[in-house]
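One structure below.
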Amino acid sequence: MIEEHMPMVVTITKVLYETPTIKTIVFDELFNSRPGQFCMVWVPGVDEIPMAFSAANAITVMRVGDATAALSTLKEGDKIGIRGPFGNGFFTTGKVLAIGGGIGVTPLFTLATNGGIDTFLFGARTAKELVFADELSDVTDLRIATDDGTMGHHGFVTDILDQIDATEYDTICTCGPEMMMKGILDRLVVKGIESRGQFSLHRYMKCGVGVCGSCCMDYEGLRVCRDGPVFTGDILKNSEFANYYRDSSGRKE
Amino acid sequence: MRFHLVFAFFSKISLYDCLGTYEVFVHLLLGFINASRTTYNAIDMIKLQIPTEKIGDVPLDNHMLLAAGILGTTAASLSRMLFLGAGGVVTKSIGPEPKNGHHGPSLIPISGGILNSMGLPNPSQEFTDEIAPLLAVSKSVVISIFGGTPEEFAKVAEWFPNASAFELNLSCPHADGYGSAIGTNPRIVRECTEAVKVFDKPVWVKITPNVTDIGVIGRAAEIGGADAIVAINTIRAMRISTGMRCPVLGNKFGGLSGTAVFSIAIRAVYDLYEACSLPIIGCGGVSTADNVLEMMMAGASAVEIGSAVYENINVFSDISKDLYDANGIPAAEIVGCAHD
Numbered sequence: 004m005i006e007e008h009m010p011m012v013v014t015i016t017k018v019l020y021e022t023p024t025i026k027t028i029v030f031d032e033l034f035n036s037r038p039g040q041f042c043m044v045w046v047p048g049v050d051e052i053p054m055a056f057s058a059a060n061a062i063t064v065m066r067v068g069d070a071t072a073a074l075s076t077l078k079e080g081d082k083i084g085i086r087g088p089f090g091n092g093f094f095t096t097g098k099v100l101a102i103g104g105g106i107g108v109t110p111l112f113t114l115a116t117n118g119g120i121d122t123f124l125f126g127a128r129t130a131k132e133l134v135f136a137d138e139l140s141d142v143t144d145l146r147i148a149t150d151d152g153t154m155g156h157h158g159f160v161t162d163i164l165d166q167i168d169a170t171e172y173d174t175i176c177t178c179g180p181e182m183m184m185k186g187i188l189d190r191l192v193v194k195g196i197e198s199r200g201q202f203s204l205h206r207y208m209k210c211g212v213g214v215c216g217s218c219c220m221d222y223e224g225l226r227v228c229r230d231g232p233v234f235t236g237d238i239l240k241n242s243e244f245a246n247y248y249r250d251s252s253g254r255k256e
Numbered sequence: 461m462r463f464h465l466v467f468a469f470f471s472k473i474s475l476y477d478c479l480g481t482y483e484v485f486v487h488l489l490l491g492f493i494n495a496s497r498t499t500y501n502a503i504d505m506i507k508l509q510i511p512t513e514k515i516g517d518v519p520l521d522n523h524m525l526l527a528a529g530i531l532g533t534t535a536a537s538l539s540r541m542l543f544l545g546a547g548g549v550v551t552k553s554i555g556p557e558p559k560n561g562h563h564g565p566s567l568i569p570i571s572g573g574i575l576n577s578m579g580l581p582n583p584s585q586e587f588t589d590e591i592a593p594l595l596a597v598s599k600s601v602v603i604s605i606f607g608g609t610p611e612e613f614a615k616v617a618e619w620f621p622n623a624s625a626f627e628l629n630l631s632c633p634h635a636d637g638y639g640s641a642i643g644t645n646p647r648i649v650r651e652c653t654e655a656v657k658v659f660d661k662p663v664w665v666k667i668t669p670n671v672t673d674i675g676v677i678g679r680a681a682e683i684g685g686a687d688a689i690v691a692i693n694t695i696r697a698m699r700i701s702t703g704m705r706c707p708v709l710g711n712k713f714g715g716l717s718g719t720a721v722f723s724i725a726i727r728a729v730y731d732l733y734e735a736c737s738l739p740i741i742g743c744g745g746v747s748t749a750d751n752v753l754e755m756m757m758a759g760a761s762a763v764e765i766g767s768a769v770y771e772n773i774n775v776f777s778d779i780s781k782d783l784y785d786a787n788g789i790p791a792a793e794i795v796g797c798a799h800d
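Protein chains in written order, with this note's numbering: chain A, 4 to 256; chain B, 461 to 800.
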């Protein structure tokens with residue numbers, strides 16, 4: 004029998020300005036989730052969107068669309084709805100390498116704060132967008148790359164990956180722009196270790212619970228919201244990953 | 461009968477012989493009742509044959525189709541559901557123009573069911589490329605279509621010359637100008653059915669329970685030339701977030717599906733069986749083999765399953781294990797058997 008899962012209404016207790024474009028919204032309820040799981044965040048009158056938890060009682064938002072713009076304007080005392088946690092999350096064993104890009108660092112950050120990451124490669128466009136870098140350097144061996152060279156390696160995070168021996172790691176967790184993750188997958192495939200790679204994907208989602216089909220991926224029909232959002236590289240290498248995705252109407256982009 | 465005999469037999473013993481060993485007696489009695497129940501079920505649970513005839517003029521691998529709107533946006537997800545045991549699949553409803561659907565929340569699991577207001581998101585004509593590979597390999601793919609007028613229904617139907625059948629969505633309860641907004645009018649239901657029937661494909665008409673007499677709508681589809689009636693679509697419903705003091709769905713109201721509507725679906729199918737002579741595809745809250753049998757006894761020749769996928773993506777193969785047997789009876793023996 005289906006159980007009731009109305010959104011839990013939470014009150015914002017604090018808004019942290021992480022960077023000029025990124026805010027962390029802290030609320031008054033704790034959600035017990037596995038790193039890599041996500042929630043559906045409801046901004047009344049606007050929309051409901053999938054987001055990673057950045058803590059048991061927080062989400063971290065970068066302004067990209069209507070709903071994230073609305074989220075960015077919320078203040079202490081405002082209310083939002085949370086459904087979840089949903090999805091599978093990361094399952095790590097042995098020595099763990101994490102590779103994060105931009106705001107995609109969020110699910111990896113919760114994995115790191117749980118003590119689950121040995122080495123962390125973190126890429127962003129510029130130093131100001133390196134959210135959570137200080138905290139990450141406390142709990143992991145952090146290596147940074149920025150597109151404009153304002154901090155760390157001047158270039159892509161995949162350049163740093165080329166400089167280390169990825170085969171030393173038993174689990175390689177990654178989240179970020181799909182082209183960055185594609186670069187990582189290609190390198191793991193070359194080394195024959197793509198099944199050690201766990202990639203957290205983003206797709207347009209409506210229901211979040213595996214029913215509506217808006218986030219289904221080719222060619223296996225896997226639901227990013229329910230079968231994912233974390234998939235291993237062996238599953239992704241023959242999929243739509245890094246080739247296309249579908250918009251809210253189901254049209255390919 | 462067997463149950464009652466066992467009970468009477470032990471009742472007698474209890475009166476005369478077992479007064480001092482009451483607990484032992486109860487234990488034994490319960491054991492016998494349970495054993496007798498198990499035997500009863502094993503012997504009398506109806507088992508069906510796999511369908512050999514077309515249903516609604518569509519060949520199906522079993523009596524269960526994936527309902528429209530569930531995992532139906534991509535050929536890959538529909539193909540996955542066929543692989544996981546669906547006897548046929550119905551696509552997401554395709555309309556004359558692309559639609560993004562309503563703002564979220566658009567689907568909320570609630571006690572015993574699912575409340576949704578997706579708002580008919582669909583890629584429109586681009587779906588022809590999407591579904592082509594599946595239509596090339598399966599004859600059990602029903603294309604669900606919607607429009608605001610008979611002309612729009614015809615326009616969309618024309619895009620799919622390889623469809624196994626069309627299912628006309630005249631019943632979605634939460635899209636302005638579409639679905640039940642026009643599907644409560646028998647004349648429009650008949651005209652839309654006629655407009656799609658010209659393409660010489662089986663036409664199923666999915667009708668709304670949000671009317672006073674569903675039989676009137678069913679007869680309109682029948683007069684229009686439909687090959688089957690699908691009933692029911694979701695029932696207009698709403699929930700309010702007490703924490704937010706506003707409706708939980710982005711569209712405010714939506715449609716209710718799942719176990720919560722099964723009794724209503726049974727009643728609708730029963731009424732349609734009395735009112736029409738077309739095959740009926742029963743839809744609404746089916747999640748077990750016994751639910752399938754009950755739908756058939758009400759008058760359904762096959763069923764569609766949607767919300768049950770939420771809890772169990774293997775629902776089709778799980779039901780098949782309980783429903784079918786090599787020595788099963790033809791479904792025709794029970795379809796409509798609950799009627800006088």
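Positions of the beta carbon are idealized from the N, C-alpha and C atoms, including for glycine.
- In chain order, ILE5 make up the part of chain A whose C-beta sits under 7 Å from the C-beta of B/GLU771.
- For the stretch 576 to 605 of chain B, residues whose beta-carbon sits nearer than 8 Å to a beta-carbon of chain A comprise ASN576, MET578, PRO581, ASN582, PRO583, SER584, GLU586, PHE587 and GLU590.
- Taking C-alpha positions only, B/GLY548 is separated from A/THR14 by approximately 46 Å.
- Of the residues A/PRO53, A/LEU19, A/VAL44 and A/PRO23, the one whose Cα lies closest to the Cα of A/PRO232 is A/PRO53.
- Residues of the stretch 545 to 564 of chain B with a C-beta atom less than 8 Å from some C-beta of chain A are LYS552, PRO558, LYS559, ASN560, GLY561, HIS563 and GLY564, listed in chain order.
- The DSSP-derived three-state label of B/GLU627 is strand.
- If the five residues before and after B/THR588 are omitted, its C-beta is found closer than 7 Å to the C-beta atoms of TRP619 and PHE620, all from its own chain and listed in chain order.
- Pairing B/SER717 with B/GLY766 gives a Cβ-Cβ distance under 8 Å.
- Counting C-beta pairs closer than 8 Å gives three or more between the stretch 575 to 583 of chain B and the stretch 243 to 256 of chain A, which meets the contact rule.
- Looking from the CA of A/GLY80, the closest CA among B/MET704, B/LEU531 and B/VAL656 belongs to B/MET704.
- Contact of B/VAL763 with chain A is not assigned, every C-beta pair being separated by 8 Å or more.
- Close partners of B/VAL721 in chain A (Cβ separation under 9 Å) are lacking, with about 12 Å as the shortest Cβ gap.
- Secondary structure within the stretch 618 to 669 of chain B: the beta strand (DSSP E) runs of 3 or more consecutive residues, fully enclosed, are 625 to 629 and 663 to 666 (chain order).
- Below the 8 Å Cβ cutoff, chain B contributes no neighbours of A/MET54, its closest Cβ being approximately 12 Å away.
- For the C-beta of B/ALA536, the chain A residues within less than 9 Å are, from N- to C-terminus, CYS219, MET220, ASP221, TYR222, GLU223, GLY224, LEU225 and GLU243.
- Within the DSSP secondary-structure output, A/VAL13 pairs in a beta bridge with A/ILE83.
- When the five nearest sequence neighbours on each side are left out, the beta carbons in the same chain lying within less than 7 Å of the beta carbon of B/SER539 are those of LEU594, in order along the chain.
- For the pair A/VAL12 and B/SER701, the CB atoms are nearer than the 8 Å cut-off.
- In this structure, A/LEU164 lies near A/ILE187, with their beta-carbon atoms less than 8 Å apart.
- The beta carbon of B/ILE726 sits closer than 7 Å to those of GLU754, MET755 and ALA758, all from its chain and outside the five residues before and after it, given in chain order.
- Where B/VAL752 is concerned, there is no enclosing beta strand (DSSP E), although the alpha helix (DSSP H) around it starts and stops at 749 to 758.
- In chain order, ALA127 place their CB closer than 6 Å to the CB of A/LEU133, counting only its own chain and leaving out the 5 sequence neighbours on each side.
- For B/ILE605 and B/VAL550, the gap between their C-alpha atoms comes out near 10 Å.
- Ranked by Cα distance from B/ALA596, the options B/LEU526, B/ASN711, B/ALA535 and B/ALA798 are led by B/ALA535.
- Secondary structure note for B/GLY675: its alpha helix (DSSP H) is the uninterrupted segment 674 to 683.
- In terms of CA proximity to A/ASN60, A/LEU33 leads the group A/ILE83, A/ALA72, A/LEU33 and A/MET4.
- When the alpha-carbon of B/ASP517 is set against those of B/SER571, B/THR748, B/GLY714 and B/TRP664, the nearest one is in B/TRP664.
- A Cβ-Cβ separation of about 16 Å leaves B/ILE506 out of contact with B/ALA762 under the 8 Å criterion.
- Listed by position along chain A, the residues whose Cβ is nearer than 7 Å to that of B/GLY718 are ILE5.
- Looking at the DSSP output, A/ASP50 shares a beta bridge with A/VAL46.
- The Cβ of B/LEU525 sits no closer than 8 Å to any Cβ of chain A.
- For B/LYS661, the closest of B/ASP673, B/ALA635, B/ILE773 and B/SER600 by C-alpha to C-alpha distance is B/SER600.
- Around the beta-carbon of B/VAL769, 16 or more other beta-carbon atoms lie within 10 Å, marking it buried.
- Proximity of A/CYS228 to chain B, defined by a Cβ-Cβ separation below 8 Å, is not satisfied.
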